[in-house]
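Residues 1 to 60 in full-length UniProt numbering are what the sequence shown lists, from first letter to last. Take a look at the structure below.
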Amino acid sequence: MTAADRCDRCGAQAYVRVELPSGELLFCGHHARAHADAYQSVATHIQDETDRLHAEHGAG
Numbered sequence: 001m002t003a004a005d006r007c008d009r010c011g012a013q014a015y016v017r018v019e020l021p022s023g024e025l026l027f028c029g030h031h032a033r034a035h036a037d038a039y040q041s042v043a044t045h046i047q048d049e050t051d052r053l054h055a056e057h058g059a060g
């Protein structure tokens with residue numbers, strides 16, 4: 001995923017791509033966690049790069 005990939009919910013940089021039978025959703029780390037219960041059971045693949053948040057922005 002690149003900096004051009006944006007969260008479908010808020011427009012922040014996306015770190016999680018959720019592939020569904022009917023398409024895909026992109027989420028920032030916050031919205032990926034907030035909606036995980038809803039998409040985990042229907043996703044065909046989940047690409048989670050939230051570990052990059054710590055590498056790019058520090059552990060805070």
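A virtual CB, placed ideally from N, CA and C, is assigned to each residue, including glycine. Every value quoted in this text rests on a predicted model; they were computed, and no experiment measured them.
- Nearest to Asp37 by alpha-carbon distance, out of Thr50, Val18, Ala4, Ala12, is Val18.
- If only uninterrupted beta strand (DSSP E) runs of at least 3 residues are considered, those enclosed by the UniProt domain "DUF7455" (1 to 53) are 16 to 20, 23 to 27, 45 to 48.
- Taking a contact as a CB-CB distance under 8 Å, the pair Asp51 and Phe27 does not count as one, their CB atoms being some 15 Å apart.
- Rounded to whole angstroms, the Cβ separation of Met1 and Ala14 is 6 Å, and the two are in contact under 8 Å.
- Excluding the 5 residues flanking it on each side, Val16 has same chain C-beta neighbours closer than 6 Å at Phe27, Ala32, Asp48, in chain order.
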